[in-house]
Structure formats: C-alpha cells, structure tokens
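I have placed the structure first, in the form of structure tokens, so that the comments after it can refer back to it.
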C-alpha cells in the first residue's frame, strides 16, 4: 500500500519515541489511533500521542507562543481521550492533566468546573486525589475565594 497501515504507523511511532523524536512520535501515534479498528491499539496510540506531546513540550526549548500552541494541542488530545476512553487505563491522570492544562492556559473558571467533577466520585488512586485537591485549592486561591478555600481545605482534611 502507498500509506502505512495503522499497525505499521504505531510501530513507527514507537521507534520515533525510542529515538526521542517526540513530536514525530505524537503525530504517528495520532494517525495510528485515527486509522485503527482495534480498540486496544486505538486507545494505546491515543495515549501515546498525548504522552509523546507532553515529552516534547518538556524537552524542547520552546518560546512562550510555541509552548502555548503545543499545550493547546495537548489539551485537545487530553479532552478527546476523556471523551473517547472514559474507562481507559490512564483516565485519572488524563483528567487531572486536562484540568491542569486548562488552568495553565488561563482558563481558570473552566479548570474549576473540571476539577469540581473530580470529587464525585473520587479517584481510585490516593495520589490522584491529593493532586486534585491541591489543584482545586490553588484554583480557589487564584480566584480569591478565600472563604471557600478555607472550607474546602477543612473538608479535604477529613
């Protein structure tokens, strides 16, 4: 075939990642996810695209404008993961990541809405609950909602 099939594309993405070509890995994982008919590979490729883009942002020296563009792309991938794989293996981490990215991109009110959903029900992993609580308290502090901040801090101690 003229175009690689999704399994070949996934293998190429894995190779890109091993070679620390994170942006190319992300693109190839994303294409594999979009083309795949295998639900497991589709899930793994989508998460691979998200994780590779995160690694790219962490390792590259990007100016603020470029970094923001890649963070917006990362947020889009994270939100698509939450919608597409609500019971996915990495759902807790990706939900947290989407809230943090939303906050980082200056969308504080939206980040609060996302974060409030974390407590009904809580996460299975205790460390994710702690991260979610910390983020929520940071958001309340940013909004200068000090009374609610104090109330929530007491509630989280229980």
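In our numbering, the protein residues as written are -1 to 156.
Yeah, the Cβ is synthetic: ideal placement off N, Cα and C, and Gly gets one too.
For clarity, every value in this text was computed on a predicted model and none was experimentally measured.
Residue environment, residue i, which counts as buried when at least 16 other CB atoms sit within 10 Å
{"i": "residue 82", "result": "exposed"}
{"i": "residue 70", "result": "exposed"}
{"i": "residue 40", "result": "buried"}
{"i": "residue 91", "result": "buried"}
{"i": "residue 44", "result": "buried"}
{"i": "residue 67", "result": "exposed"}
{"i": "residue 31", "result": "buried"}
{"i": "residue 148", "result": "exposed"}
{"i": "residue 113", "result": "buried"}
{"i": "residue 51", "result": "buried"}
Any C-beta of chain C under 8 Å from that of residue i
{"i": "residue 135", "result": "Protein chains in the displayed structure number just one, and chain C is not present."}
Residue i (DSSP reduced to helix, strand or coil)
{"i": "residue 100", "result": "helix"}
{"i": "residue 83", "result": "coil"}
{"i": "residue 62", "result": "helix"}
{"i": "residue 156", "result": "coil"}
{"i": "residue 105", "result": "coil"}
{"i": "residue 121", "result": "coil"}
{"i": "residue 143", "result": "coil"}
{"i": "residue 44", "result": "helix"}
N-terminal and C-terminal residue of the alpha helix (DSSP H) that residue i is part of
{"i": "residue 138", "result": "124 to 140"}
{"i": "residue 32", "result": "20 to 33"}
{"i": "residue 196", "result": "Only positions -1 to 156 of the chain appear in the structure, and residue 196 is not among them; the question remains open."}
{"i": "residue 17", "result": "No alpha helix (DSSP H) contains residue 17, which DSSP labels as neither H nor E."}
For residue i, the nearest candidate out of the options (CA to CA)
{"i": "residue 25", "options": "47, 99, 137", "result": "47"}
{"i": "residue 4", "options": "33, 22, 17", "result": "33"}
{"i": "residue 15", "options": "62, 49, 29", "result": "49"}
{"i": "residue 100", "options": "88, 123, 76", "result": "76"}
{"i": "residue 63", "options": "37, 103, 12, 79", "result": "103"}
{"i": "residue 133", "options": "66, 116, 55", "result": "116"}
{"i": "residue 135", "options": "150, 121, 122, 123", "result": "150"}
{"i": "residue 74", "options": "97, 7, 61, 53", "result": "97"}
{"i": "residue 42", "options": "87, 72, 22", "result": "87"}
{"i": "residue 72", "options": "53, 84, 18", "result": "53"}
{"i": "residue 153", "options": "79, 131, 80", "result": "131"}
{"i": "residue 35", "options": "144, 141, 8", "result": "8"}
{"i": "residue 123", "options": "20, 38, 89", "result": "89"}
Within the chosen definition, does the stretch 119 to 127 reach the stretch 95 to 107 through at least 3 CB pairs nearer than 8 Å? The answer is no - the stretch 95 to 107 does not touch the stretch 119 to 127, with fewer than three Cβ pairs under 8 Å.
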